[in-house]
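Just below is one structure, and these are the notes that go with it.
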Amino acid sequence: MIKKSLFLLIFIYFLALFQTSFLFQFNFWGIVPNYVLLFVVFVNIFEKPEGKIGLIAALFGGIFMDIFSFSSAYFFGFYIIIFLLVYLIMRFFLRNYVQVPIIKQI
Amino acid sequence: MRKLFILKYIVIFSLILAIFVVFNLTGFSKNIKNSFYSLSSSFQEELLETGNNASNFFGGFLNSGKIKQEMDILIEENQELLSRLVNLGMLEQENTFLRSAIELEKNNSFKLQPVRVIGKDISRDSILINKGSKDGILSDMPVITVQKLLVGKISEVYEDFSEVILLTNKDFSLAVQIFEKDIYGVAKGEGSLGLYIDLIPKDKEVIAKDIVLTAILGGIFPEGLLVGEVQKINNSDVESFQKAIIIPFLSLEELDELLIINDF
Numbered sequence: 008m009i010k011k012s013l014f015l016l017i018f019i020y021f022l023a024l025f026q027t028s029f030l031f032q033f034n035f036w037g038i039v040p041n042y043v044l045l046f047v048v049f050v051n052i053f054e055k056p057e058g059k060i061g062l063i064a065a066l067f068g069g070i071f072m073d074i075f076s077f078s079s080a081y082f083f084g085f086y087i088i089i090f091l092l093v094y095l096i097m098r099f100f101l102r103n104y105v106q107v108p109i110i111k112q113i
Numbered sequence: 008m009r010k011l012f013i014l015k016y017i018v019i020f021s022l023i024l025a026i027f028v029v030f031n032l033t034g035f036s037k038n039i040k041n042s043f044y045s046l047s048s049s050f051q052e053e054l055l056e057t058g059n060n061a062s063n064f065f066g067g068f069l070n071s072g073k074i075k076q077e078m079d080i081l082i083e084e085n086q087e088l089l090s091r092l093v094n095l096g097m098l099e100q101e102n103t104f105l106r107s108a109i110e111l112e113k114n115n116s117f118k119l120q121p122v123r124v125i126g127k128d129i130s131r132d133s134i135l136i137n138k139g140s141k142d143g144i145l146s147d148m149p150v151i152t153v154q155k156l157l158v159g160k161i162s163e164v165y166e167d168f169s170e171v172i173l174l175t176n177k178d179f180s181l182a183v184q185i186f187e188k189d190i191y192g193v194a195k196g197e198g199s200l201g202l203y204i205d206l207i208p209k210d211k212e213v214i215a216k217d218i219v220l221t222a223i224l225g226g227i228f229p230e231g232l233l234v235g236e237v238q239k240i241n242n243s244d245v246e247s248f249q250k251a252i253i254i255p256f257l258s259l260e261e262l263d264e265l266l267i268i269n270d271f
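Respectively, the protein sequence lines represent chains R and L. Throughout the first sequence, residue numbering follows the numbering used here, covering 8 to 113 in sequence. Throughout the second sequence, residue numbering follows the numbering used here, covering 8 to 271 in sequence.
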C-alpha cells in the first residue's frame with residue numbers, strides 16, 4: 008500500500024508537471040485533455056472495490072493539479088474537490104452497477 | 008450503518024474544505040506552490056521548451072491544410088496590394104506630369120493637351136498617340152514634352168488616335184536657331200533618330216555643344232522649344248552653306264506622356 012502510494016505520488020507529480028508544461032501544448036480541435044484526471048479515472052476503473060488506491064490517486068492528482076495550474080481563477084483545492092467528486096461518483100457507479108472482470112484489478 | 012458511512016464522507020469533505028479555506032485565506036497555498044515551483048522549475052523549463060518545439064513541429068503537419076489556405080489568401084492579398092501599388096504609382100506619375108503641364112501652360116502662352124504614347128515605330132521615326140480628331144487634334148500640331156523638348160508634329164489624324172512624326176523623320180523639317188546667337192537654319196530629319204541643320208550661313212560661327220531651339224520663322228512651332236545640341240560642323244568649301252549634325256534631346260525610350268500644343 009505504501010509502496011503503491013509512493014509510486015502514485017511520484018508518477019502523478021511528473022504527470023501533472025507534464026500536463027502543465029508539455030502536454031497542454033498539444034490540443035485536439037482546441038481541446039486539451041486532462042491526462043491527470045484520465046489517469047485517476049483509469050486507476051479507479053481497475054481498482055478493487057475495497058481498495059483505497061483510487062482515493063489516494065484522486066487526492067494526489069488534485070493536489071498536484073492545484074499546485075501546477077497557474078490560473079488564479081481557481082482557488083487552491085479546486086482540483087482536489089473535482090477529483091474527489093469524480094472518485095466518489097465513479098465509486099458509486101462501479102460498486103453498484105459495473106464490474107470490470109477482464110483485466111486483473113489493482 | 009449506511010448513514011454512518013455517508014456522515015463519515017461528509018465530515019471528511021467538510022474538513023478538506025475547511026483546510027482549503029484556511030490555505031487560501033492565510034496564503035499558505037502560495038508557500039506550497041512556491042516550494043514546488045522551486046523544486047520543479049528547471050525541469051519545467053525544459054519540458055516547456057521541448058513541448059513548444061514539438062507542438063510547432065507537429066502543428067505544422069496537422070495544420071498544413073490551414074497554412075496552405077492562409078498562404079493562398081496572403082498571396083492573393085499580396086498580388087492585389089501590388090496591383091494597387093502599381094496603380095498608385097501610375098497615378099502619381101500622371102499627377103506629376105499634369106502638374107508640370109499646367110506649370111508649362113502658365114509660364115508660356117501655350118494651350119496644351121496631354122496625350123499618352125501607345126505605339127512607337129523606330130524604323131519610321133513615328134509614334135502613335137491616344138487622341139484624335141474627336142479630341143480636337145489637327146494635322147501639323149506641335150508635340151512636345153513637359154520639359155519643353157520638341158518631339159515632332161501630328162502627321163495623320165484618326166478619330167481616336169493620331170500619328171506623330173518625330174523631328175528626326177526624313178519628311179520633317181523646321182526652322183531653328185542657335186541659342187544666344189543670331190544664327191538661323193533649317194533642321195531636317197535624317198531618319199533613324201538622326202538630325203542635322205542645313206542652310207547655316209558660312210559667315211556664322213557654330214560650335215559643338217551649341218543648343219538648338221525652334222525659331223518662329225516656320226510658323227508651325229512656337230519659338231524657344233528645345234531641339235538638340237550641335238555635335239559636329241560640316242563646313243565644306245564646295246557648298247554654299249554650313250551643315251551641323253545635331254544630337255536630338257528627345258529619347259524615344261522615355262517618350263511616354265506628351266503634350267500637344269493646340270494654340271500658341
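Glycine residues also receive a C-beta, built at the ideal position from the N, C-alpha and C atoms. All values derive from a computational prediction rather than experimental measurement.
Query, Result
"Lys-10/L CB to nearest heavy atom of the ligand MG below 8 Å", "Questions concerning the ligand MG fall outside what the structure shown contains, since it holds no ligand whatsoever."
"Integer Cβ distance of Ser-107/L from Val-158/L, believed to fall under 8 Å", "About 15 Å separates the two Cβ atoms, so there is no contact after all."
"Close-in-space but distant-in-sequence residues of the same chain around Ala-65/R (CB under 7 Å, 5 per side omitted)", "Val-47, Phe-90, Leu-91, Val-93, Tyr-94"
"Beta-carbon contacts of Asn-94/L that lie in its chain and below 8 Å, excluding the five residues immediately before and after", "none"
"C-beta contact flag for Phe-256/L and Gly-235/L at 9 Å", "yes"
"Thr-103/L versus Glu-56/L: straight-line alpha-carbon distance, rounded", "56 Å"
"Reduced DSSP category for Thr-152/L - H, G, I as helix; E, B as strand; rest coil", "coil"
"Burial state of Asn-41/L, where buried means 16 or more other Cβ atoms lie within 10 Å", "exposed"
"Beta-carbon contacts of Phe-71/R that lie in its chain and below 6 Å, excluding the five residues immediately before and after", "Ile-19, Tyr-20, Ala-23"
"Per DSSP, cross-strand counterpart(s) of Pro-255/L", "Gly-235/L"
"Cβ pair Leu-44/R, Gly-61/R closer than 9 Å", "no"
"Start-to-end residues for the alpha helix (DSSP H) that takes in Glu-112/L", "71-114"
"Residue closest to Arg-98/R, alpha-carbon to alpha-carbon, out of Phe-53/R, Ile-74/R, Phe-83/R", "Phe-53/R"
"Coarse secondary structure for Leu-174/L, derived from DSSP in three states", "coil"
"Inter-residue Cα distance where the pair is Leu-262/L and Lys-141/L", "23 Å"
"Residue-chain proximity (Leu-22/L, chain R), Cβ-Cβ < 9 Å", "no"
"Through-space distance from Phe-117/L to Leu-259/L, alpha-carbon basis", "24 Å"
"Per-residue contacts from Gly-58/L into chain R (C-beta, under 9 Å)", "Phe-25, Ser-28, Phe-29, Leu-30, Phe-31, Gln-32, Phe-33"
"Segment limits, alpha helix (DSSP H) that includes Ile-19/R", "9-28"
"Ser-199/L vs Ser-130/L beta-carbon contact at 9 Å", "yes"
"Residue from Ser-133/L, Leu-54/L, Pro-149/L, Gly-126/L with nearest C-alpha to Phe-228/L", "Pro-149/L"
"Nearest-angstrom beta carbon gap, Tyr-203/L and Ile-254/L [assumed within contact, 8 Å]", "The Cβ separation is near 10 Å, so there is no contact."
"Cutoff 9 Å: Pro-36/L Cβ touching any chain R Cβ", "It should be pointed out that residue 36/L corresponds to Ser in this sequence rather than to Pro. Yes, its Cβ sits closer than 9 Å to a Cβ of chain R."
"Completely contained beta strand (DSSP E) runs for the region 175-208 of chain L, where each covers 3 or more residues", "180-185, 191-198, 201-208"
"According to DSSP, residues forming a beta bridge with Glu-57/R", "Glu-57/R pairs with nothing; no bridge assigned."
"Where Asn-176/L falls, given that 16 or more other Cβ within 10 Å makes a residue buried", "buried"
"The region 25-33 of chain R in contact with the region 43-59 of chain L per 3-pair CB rule at 8 Å", "yes"
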